[in-house]
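A short worksheet on the structure shown next.
There are 2 protein chains.
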Amino acid sequence: MRLARLGLAVLLASPAFAPAWAQEGDARAGRRLAGGRCAVCHGNDGIAVQPDAPNLAGQNPAYLAEQLRAFRDKVRLHEQMNLMAAALSETDIANLAAWYAAIEVTATPPGR
Amino acid sequence: MRLARLGLAVLLASPAFAPAWAQEGDARAGRRLAGGRCAVCHGNDGIAVQPDAPNLAGQNPAYLAEQLRAFRDKVRLHEQMNLMAAALSETDIANLAAWYAAIEVTATPPGR
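If you read the sequences in order, they're chains A and B.
In terms of the working numbering, the first sequence opens at residue 9 and continues consecutively.
In terms of the working numbering, the second sequence opens at residue 9 and continues consecutively.
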């Protein structure tokens, strides 16, 4: 995981390989934005408070950004998320992805 | 979170409110199935090992099941997931959702 993220970071840090959408997010700005819009369903710390909403804590930033774009562009259909994401800028998306990705998660599988 | 899940469990345990798709999953069977198909991208413990794949550890089971159905039925489009989910039965879906939901996650937001 850490190595995979490091690899992605190295790739994105190289101007030759950085697509327009791969901008670095500001986790603090993302936190402010998320607190007003996202926390109602996804929780203040990215652990969902609605049973049909996903946890976002510690989620991969590339995945988060891709899904926010898909909701914004109605490639992925979900009535509420299509509305919530409709006006998001690329900066908003990068910031939100950076915020949720910055939440540290640990996973403990149940005993066999 | 715990209360929300408990609420869901109570709801699903009531025959009057249990839709056909709300069957109880077998986390052990889900673990076996996930180990062969899903772990390559989503990790053995549901923490993704590919940067564009989501973590699934501790994810809400209702959300997981809904997304697996959406991939299976090509309502949600993702080339690899549409293929992986194409042959999943409702039992498979319930088992996979139960497995990933059974992984305990803790979230620690960064300091302000």
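Think of the CB as a built atom: it goes at the ideal place given N, C-alpha and C, for glycine as much as any other residue.
Can you grab the Cα-Cα spacing for the pair residue i / residue j, in whole Å?
i	j	result
A78(B)	R84(B)	5 Å
K123(B)	S97(B)	The structure shown does not extend to residue 123(B), since chain B is modelled only from 9 through 120, so no value can be given for it.
G38(A)	Q67(B)	22 Å
M89(B)	Q75(B)	10 Å
L91(A)	A47(B)	33 Å
W29(A)	A70(A)	The predicted model places W29(A) with a pLDDT of 48, which falls under 50 and marks its position as unreliable; any figure quoted below should be read in that light. In a straight line, the C-alpha of W29(A) is about 10 Å away from that of A70(A).
H50(B)	A105(B)	13 Å
V113(B)	P117(A)	9 Å
A95(B)	R40(B)	16 Å
R80(A)	R80(B)	23 Å
E87(A)	N63(A)	18 Å
G119(A)	G119(B)	32 Å
P59(A)	P59(B)	25 Å
Compute the distance between the beta-carbons of residue i and residue j, then report whether it is under 9 Å.
i	j	result
W107(A)	A42(A)	yes
A35(B)	A109(B)	yes
A73(A)	G33(A)	yes
I111(A)	A115(B)	yes
For the segment 52-59 of chain A and the segment 93-106 of chain A, state whether three or more C-beta atom pairs, one from each stretch, are separated by less than 8 Å. no
Along the chain, which unbroken stretches of the beta strand (DSSP E) at least 3 residues long are found entirely within the segment 76-118 of chain B? 112-116
Can you give, in chain order, each stretch of the alpha helix (DSSP H) that sits fully within the segment 40-72 of chain B and has at least 4 residues? 47-50
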